[in-house]
């Protein structure tokens with residue numbers, strides 16, 4: 014069994030027991046009673062299982078290769094390059110789990126492996142101390158470390174006495190493999206990882222044993238697999254194969270983060286631009302309670318006259334092509350740092366909204382102070398001033414959304430220019446609905462009053478230009494002297510140039526180079542296995558138990574290295 018596990022096969026023992034009819038009838042009655050119990054059902058079922066699962070005669074064992082899906086090693090390499098910590102929680106044996114980790118390139122054959130496999134608390138504490146010391150030494154010299162934990166040891170590591178130390182070591186390790194873990198332990202590891210690391214967690218699985226883990230994570234991803242649809246049905250996202258996680262995270266994850274942050278910041282900004290103006294008007298009016306805008310126009314601001322631009326940002330904005338997102342997973346780190354959505358950025362958007370509200374209110378107010386704004390000598394009333402300011406607000410916030418767009422589509426144009434056109438159409442219609450519809454009597458003839466004023470049209474050009482000049486100049490300066498890596502790749506896309514320097518500098522981590530010598534050799538199948546009796550006695554004296562090793566002492570190439578040199582989904586040539 015250990016030999017099978019070392020070459021990455023999943024093993025299963027087959028045993029039988031003959032039952033007489035009277036014993037089975039007694040057992041069946043107890044099982045039925047336990048299965049319908051209201052309280053302690055699981056404990057009662059375990060007792061009935063133990064009654065029948067004893068005195069078994071071993072028939073044999075099976076060893077099955079659980080083939081990796083397509084592009085699993087590349088997907089894991091991309092996630093590691095993107096700064097995502099990958100933990101594997103599996104029910105496989107320790108030897109099988111290690112070999113699977115090697116075959117999918119999660120761990121490096123030359124990487125230091127810290128193993129915690131104690132069976133009691135004292136031994137586990139000693140192993141934790143040794144692992145902590147060794148981890149510090151490896152990190153000091155710039156080496157990566159893989160942590161491997163067994164399910165039995167995990168029972169103690171998840172207790173209050175060891176939680177903190179365990180997760181400190183796990184968090185600093187480049188990869189973690191927990192083997193022989195139960196469904197409850199999978200879910201508990203995810204919950205405690207969220208609590209101790211303060212990071213966003215994603216759990217992915219394809220079986221019923223992964224449901225608890227998927228539901229415990231911040232983001233649950235289920236794979237439609239041969240083991241059923243339980244995982245997919247209980248997840249936030251369902252995918253057909255593991256390799257699709259590549260696009261889900263590196264493309265749609267990065268795009269969604271960019272879209273959501275822009276929508277949130279823009280939503281605060283556009284509301285400050287309009288509603289803070291009422292505060293400035295309160296200063297002028299002595300806080301009399303008078304409002305400068307018509308009530309219906311204020312009510313429809315977020316519903317109609319500033320709703321489309323954030324929708325366009327949230328649905329169609331993308332800051333890079335999907336092709337380059339997949340080719341340069343290192344760019345995902347910018348998303349993790351949240352440099353576009355931190356406290357400073359939020360504060361700058363708030364201050365910018367206040368700054369724009371000052372310009373949007375005071376410049377039109379000063380322009381109308383001359384009173385005579387029509388060729389007939391008539392003066393403008395408060396609603397003319399208010400609707401002029403409102404029009405400037407709509408134009409400014411729509412153009413501001415245009416400055417935030419990096420991927421212009423037909424929907425972007427419809428959202429920005431269509432919103433401006435919608436406001437002019439509404440102002441024209443609203444000025445003629447009374448008395449047919451008993452609303453807005455003060456707005457009668459407002460379209461004529463505004464459109465016939467030269468000051469109105471002058472302000473529609475002057476105010477947005479003055480307000481957005483600072484934003485425009487700032488973008489030019491930053492994109493000239495302080496480009497991020499993502500923005501440099503975006504610039505390459507805009508001018509139609511391949512980002513070759515970045516592709517050469519930031520390649521996903523791969524361990525294929527360590528196997529180049531082995532790839533030329535023909536894979537042979539091992540013919541002779543040690544008998545069970547001699548194998549057990551040999552393992553008890555061997556110091557490298559649990560690791561893959563050469564069948565020939567001091568051999569040039571180990572058989573496991575040769576096995577790992579081939580992709581597990583490819584057909585392997587037969588040996589002689």
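Residue numbers (our numbering): 14 to 589.
Glycine included, each C-beta is placed from N, C-alpha and C at the ideal position.
TODO: On a CA-only basis, which of 315, 14, 227 is nearest residue 74? Give me that one, please.
DONE: Within the chain shown, residue 74 is the residue found at index 61, counting from 1. Answer by Cα proximity: 14.
Task: N-terminal and C-terminal residue of the alpha helix (DSSP H) that residue 117 is part of - done: On the chain shown, residue 117 is found 104 positions in, with the first residue counted as 1. Boundaries for residue 117: no alpha helix (DSSP H) harbours it, and the DSSP string shows neither H nor E there.
Open item on the list: On the DSSP bridge list, what partners appear for residue 23?
Closed with: By one-based count along the chain shown, residue 23 stands at place 10. DSSP lists 77 as partners of residue 23.
- [ ] For residue 70, write down the residues that DSSP places opposite it in a beta bridge.
- [x] Locating residue 70 in the chain shown gives position 57, counting from the first residue. In the DSSP assignment, the residues bridged to residue 70 are 29.
Task: Whole-number beta carbon distance between residue 229 and residue 264, since they are thought to touch under 8 Å - done: In the chain shown, the residue the question calls residue 264 occupies position 251. In the chain shown, the residue the question calls residue 229 occupies position 216. Taking the Cβ atoms as the reference, residue 264 lies roughly 26 Å from residue 229, outside the contact range of under 8 Å.
Task: Endpoints, the alpha helix (DSSP H) within which residue 7 is located - done: Outside the shown range of the chain, which is 14 to 589, sits residue 7, and nothing can be said about it.
Open item on the list: Can you list, in chain order, the residues of its chain with a C-beta nearer than 7 Å to that of residue 104? Leave out the 5 residues immediately preceding and following it.
Closed with: Position 91 of the chain shown, counted from the first residue, corresponds to residue 104. The residues 193, 194, 222, in chain order, have a CB closer than 7 Å to that of residue 104 in the same chain once the five nearest residues on each side in sequence are set aside.
Open item on the list: Assuming residue 2 is part of the alpha helix (DSSP H), what are its boundary residues?
Closed with: With the chain covering only 14 through 589, there is no way to say anything about residue 2.
TODO: Check whether the segment 171-183 touches the segment 82-91, taking contact to mean three or more Cβ pairs, one atom from each stretch, closer than 8 Å.
DONE: No, the segment 171-183 is not in contact with the segment 82-91.
Open item on the list: Taking the alpha carbon of residue 2 as the reference point, which residue from 134, 339, 462 has its own alpha carbon closest?
Closed with: Summary: the structure shown does not reach residue 2, with the chain confined to residues 14 through 589, and so no result is reported for it.
Task: Any C-beta of chain C under 8 Å from that of residue 242 - done: No chain C is present in this structure, which holds just one protein chain.
Open item on the list: Any contact between the segment 334-351 and the segment 257-272? By contact I mean 3 or more CB pairs, one from each, below 8 Å.
Closed with: Cβ pair count under 8 Å is three or more, so yes.
TODO: Out of 93, 131, 51, 334, point me to the one whose CA is closest to residue 512's CA.
DONE: Position 499 of the chain shown, counted from the start, is the residue given in the question as residue 512. Residue 334 is the option with its Cα nearest to residue 512.
Open item on the list: Just to confirm the assignment, what range does the alpha helix (DSSP H) spanning residue 494 have?
Closed with: For this step, residue 494 is matched to residue 481 along the chain shown. Counting along the chain, the alpha helix (DSSP H) containing residue 494 begins and ends at 467-494.
TODO: Can you check DSSP and say which residues form a bridge with residue 100?
DONE: For the purposes of this step, residue 100 is taken as residue 87 along the chain shown, with counting starting at 1. For residue 100, DSSP records a beta bridge to 189.
Open item on the list: To the nearest angstrom, how far is the alpha carbon of residue 378 from that of residue 505?
Closed with: Within the chain shown, the letter at position 365 stands for residue 378. Within the chain shown, the letter at position 492 stands for residue 505. Cα to Cα, the separation comes out at about 45 Å.
Task: Length of the line joining the Cα atoms of residue 434 and residue 247 - done: Here the question's residue 434 lines up with position 421 in the chain shown. Here the question's residue 247 lines up with position 234 in the chain shown. For residue 434 and residue 247, the gap between their C-alpha atoms comes out near 45 Å.
Open item on the list: Is it buried or exposed, residue 337, if we count other Cβ atoms within 10 angstroms and call 16 or more buried?
Closed with: To locate residue 337, count along the chain shown from 1; it is residue 324. So residue 337 counts as buried.
Open item on the list: Just to confirm, is the Cβ distance from residue 420 to residue 329 under 8 Å?
Closed with: Counting from one through the chain shown, the residue named residue 420 turns up at place 407. Counting from one through the chain shown, the residue named residue 329 turns up at place 316. By the CB criterion at 8 Å, residue 420 and residue 329 fall inside the cutoff.
Open item on the list: Can you give me the C-alpha to C-alpha distance between residue 71 and residue 24, rounded to a whole angstrom?
Closed with: Within the chain shown, residue 71 is the residue found at index 58, counting from 1. Within the chain shown, residue 24 is the residue found at index 11, counting from 1. Taking C-alpha positions only, residue 71 is separated from residue 24 by approximately 14 Å.
Open item on the list: Taking 6 Å as the limit between beta carbons, can you name the residues of its chain near residue 372, skipping five residues before and five after?
Closed with: As a working mapping, residue 372 is identified with position 359 in the chain shown. Cβ within range, chain order: 479, 480.
Open item on the list: Once the 5 residues before and after residue 313 are set aside, which same chain residues still bring their CB inside 8 Å of it?
Closed with: Working through the chain shown from its first residue, we reach residue 313 at position 300. 439, listed in sequence order.
Open item on the list: Using the Cβ count rule (16 or more neighbours within 10 Å means buried), how would you classify residue 487?
Closed with: Position 474 of the chain shown, counting from 1, holds the residue named residue 487. Counting of Cβ neighbours within 10 angstroms places residue 487 among the exposed residues, the total staying below 16.
Open item on the list: Just to confirm before moving on: does the CB-CB distance between residue 99 and residue 119 stay below 8 Å?
Closed with: Working through the chain shown from its first residue, we reach residue 99 at position 86. Working through the chain shown from its first residue, we reach residue 119 at position 106. Closer than 8 Å, so yes.
Open item on the list: Measuring alpha carbon to alpha carbon, tell me which residue in 458, 30, 16, 482 is nearest residue 66.
Closed with: For the purposes of this step, residue 66 is taken as the residue at position 53 of the chain shown. With distances taken between Cα atoms, residue 66 lies closest to 30.
Task: Where residue 226 falls, given that 16 or more other Cβ within 10 Å makes a residue buried - done: On the chain shown, residue 226 is found 213 positions in, with the first residue counted as 1. By the neighbour-count rule (16 or more Cβ atoms within 10 Å), residue 226 is buried.
Task: Reference residue 140, options 285, 272, 123, 162, closest by Cα - done: As a working note, residue 140 is residue 127 in the chain shown. Ranked by Cα distance from residue 140, the options 285, 272, 123, 162 are led by 162.
- [ ] Quick one: grab the DSSP three-state call for residue 238.
- [x] Against the chain shown, residue 238 aligns to sequence position 225. Residue 238 carries a strand assignment under DSSP once its states are collapsed to helix, strand and coil.
Task: Inter-stretch contact at 8 Å, needing at least 3 Cβ pairs: the segment 447-463 / the segment 349-360 - done: No contact exists between the segment 447-463 and the segment 349-360.
TODO: Could you check the C-alpha separation between residue 282 and residue 18 for me, to the nearest Å?
DONE: One-based indexing of the chain shown puts residue 282 at position 269. One-based indexing of the chain shown puts residue 18 at position 5. In this structure, the CA atom of residue 282 is about 59 Å from the CA atom of residue 18.
- [ ] With DSSP as the reference, label residue 349 as helix, strand or coil.
- [x] One-based indexing of the chain shown puts residue 349 at position 336. Of the three classes helix, strand and coil, the one that applies to residue 349 here is helix, per DSSP.
Open item on the list: Check for me: the beta strand (DSSP E) holding residue 218 runs from which residue to which?
Closed with: Walking along the chain shown from the start, residue 218 turns up at place 205. Its beta strand (DSSP E) spans residues 215-218.
TODO: Kindly indicate which three-state DSSP category residue 44 falls into: helix, strand or coil?
DONE: Residue numbering aside, residue 44 sits at position 31 when the chain shown is read from its first letter. In this structure, residue 44 counts as helix in the three-state DSSP scheme.
- [ ] Please list, in chain order, all residues of the same chain as residue 489 whose beta carbon is under 7 Å from its beta carbon, the five residues on each side excluded.
- [x] What you label residue 489 is simply residue 476 of the chain shown in a count that begins at 1. Hits under 7 Å: none found.
TODO: Tell me whether residue 477 is buried or exposed, calling it buried when 16 or more other Cβ atoms sit within 10 Å of its Cβ.
DONE: The residue given as residue 477 occupies position 464 in the chain shown. By the neighbour-count rule (16 or more Cβ atoms within 10 Å), residue 477 is buried.
Task: Burial state of residue 235, where buried means 16 or more other Cβ atoms lie within 10 Å - done: Taking the chain shown and counting its residues from 1, the one referred to as residue 235 is at position 222. The residue in question, residue 235, is buried, as its Cβ has 16 or more Cβ neighbours within 10 Å.
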